[in-house]
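Have a look at the structure below before the remarks.
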Amino acid sequence: MRCVLLFLCLFAFAQTADAQQLWTPAELAARPGEERAGRLGTPDPTGPARSEPRLALPPLPQNLRGSIRRVDTGGEKLVALTFDLCELSDQRAGYDGALVDVLRAHGAAATFFLSGRWMRSHPERTLQLMADPRFEIGSHAWTHGNFAVLSRERMREQLDWTQAQYEQARDELEALAAAKGMPEAAAAAPKSIRVFRFPYGRCRPEALEMLAGMGLAAVQWDVNTMDAGKRAPEAIARDVLRLARPGSIVLAHGNGNGHGTAKALESILPELKARGYRFVTVSDLLASGRAVTSHECFDSRSGDTALYDAIFGEGVTHPRRGRRE
């Protein structure tokens, strides 16, 4: 029995090591200034090379329909850390490599919700996240569209384009892994995205119904780091440690919109581990218990994200100067 366990441990280590051997430690590490975002002179409305995904997922089971707030794990101390990497059509968002470095240093699993356009503008970083077996990739729509405002056709476009871009990235990951003689390094990346996060935390019944039909679980959160508000790392860590409970889904940002997130993680990760928590991907969390769902999308109380409709409208571009951002 001891030999079998040793073999399984070595096999798991080899799988992780193979994935990371596609890049050197220096290539994986954070690069100074990479987290900074920039605005484009004019919005870019173009989509991916292929506008429709090849694969179609089966519709969601009834227990995963609706807006998923957290998971009832029966008391098992599991937490899903999630990071949004948003990119609107009038910007090139950043990549917060420092927080990814912290996650890897602690061996912590996490889910990254990527805008499809972010995948296109950050091709190598996308492949690195996909290849890491500790990480899961979710969809954050093509250009961060507001699903409470967009037409049905525009909602479907935001979803399909992101799925198609992911499939293209996965093809590129497979080709890279094969070229380096380690095809198993691409195995960590599923063939299709299965989880989704609504931009602005906004949705409507028609959007939830569309996602359920496409087999995409709509993942909200019950712990918001509020890291986009330029909060001190100590305040972020304090609130996460106070609010996290078994089955929590924690929201943060990895596209440079987060402030102090990496430093906060340096306190959050060891403290939650000391309390007996394990970090899992959203999909693993959903498989561990009963999803706690709502018929609407919100941050901490009903209707509290509705203000973004007036500020951002369809949400794919930033507000004009003089309007609140």
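Heads up: the sequence shown runs through residues -19 to -1, 1 to 306, numbered per mature numbering (1 follows the signal peptide of the UniProt record, and there is no 0).
Where a beta carbon is used, it is the ideal one built from N, C-alpha and C, also for glycine.
- By the neighbour-count criterion, in which 16 or more other beta carbons inside 10 Å mark a residue as buried, Leu21 falls on the exposed side.
- The residues Ala158, in chain order, have a CB closer than 6 Å to that of Pro164 in the same chain once the five nearest residues on each side in sequence are set aside.
- Bridge partners of Leu45 according to DSSP: none are assigned.
- For Gly296, the closest alpha carbon among the candidates Ala287, Arg256, Asn127 is that of Asn127.
- Look at the beta carbons and you see the stretch 208 to 219 not touching the stretch 172 to 184: under three pairs across the two are nearer than 8 Å.
- Annotation for Leu84: Ala91 place their beta carbon closer than 6 Å to its own, counting only its chain and skipping 5 residues before and after.
- Judged by beta-carbon spacing, Phe94 lies beyond the 7 Å limit of Asp141, meaning their Cβ atoms are not closer than that value.
- Thr274 and Ser102 have their C-alpha atoms roughly 33 Å apart.
- With fewer than 16 other Cβ atoms from the protein chains shown falling within 10 Å of its own Cβ, His276 counts as exposed.
- Taking the Cα positions, Pro26 is about 32 Å away from Ala243.
- Under the DSSP assignment, Gly119 falls in the beta strand (DSSP E) whose first and last residues are 116 to 120.
- By alpha-carbon distance to Ala170, the top candidate from Ala122, Arg151, Phe177 is Arg151.
- Linking Pro114 to Phe279 through their CA atoms gives a straight-line distance of about 30 Å.
- Here DSSP, grouped into helix, strand and coil, assigns Phe64 to strand.
- Three or more Cβ pairs closer than 8 Å define a contact, and the stretch 69 to 82 falls short of that threshold against the stretch 250 to 262.
- In its chain, beyond the 5 residues on either side, Ala90, Thr92, Glu117 have a beta carbon closer than 6 Å to the beta carbon of Thr262.
- Taking C-beta separations shorter than 7 Å and ignoring five residues to either side along the sequence, the partners of Pro227 in its chain run Thr54, Gly56, Glu57, Lys58, Leu59, following chain order.
- Taken in chain order, the complete beta strand (DSSP E) segments of 3 residues or longer contained in the stretch 105 to 161 are 116 to 120.
- Spanning the alpha carbons of Ala37 and Ala216 requires a straight line of approximately 42 Å.
- When only Cα atoms are considered, Ala225 and Thr298 end up about 33 Å apart.
- Here the C-alpha atom of Arg185 lies approximately 39 Å from the C-alpha atom of Ala255.
- The alpha-carbon of Glu153 is positioned some 13 Å away from that of Leu110.
- Closest option to Arg17, judged by alpha-carbon separation, among Gln1, Gly237, Val204, Gln149: Gly237.
- Cβ-Cβ distances below 6 Å link Glu68 to Ala74, Ser96, Arg98, Trp99 in the same chain, with the five nearest sequence neighbours on each side left out; the list follows chain order.
- Taken in chain order, the whole alpha helix (DSSP H) runs of length 4 or more contained in the stretch 242 to 280 are 242 to 255, 263 to 268.
- Measuring C-alpha to C-alpha distances from Ile174 to each of Ala166, Thr143, Tyr258, Ala160 identifies Thr143 as the nearest.
- Around Tyr147, the same chain offers Ile174 as residues with beta carbons nearer than 6 Å, after the five sequence neighbours per side are excluded.
- With respect to the 7 Å criterion, Phe260 and Leu62 are classified as neighbours on the basis of their beta carbons.
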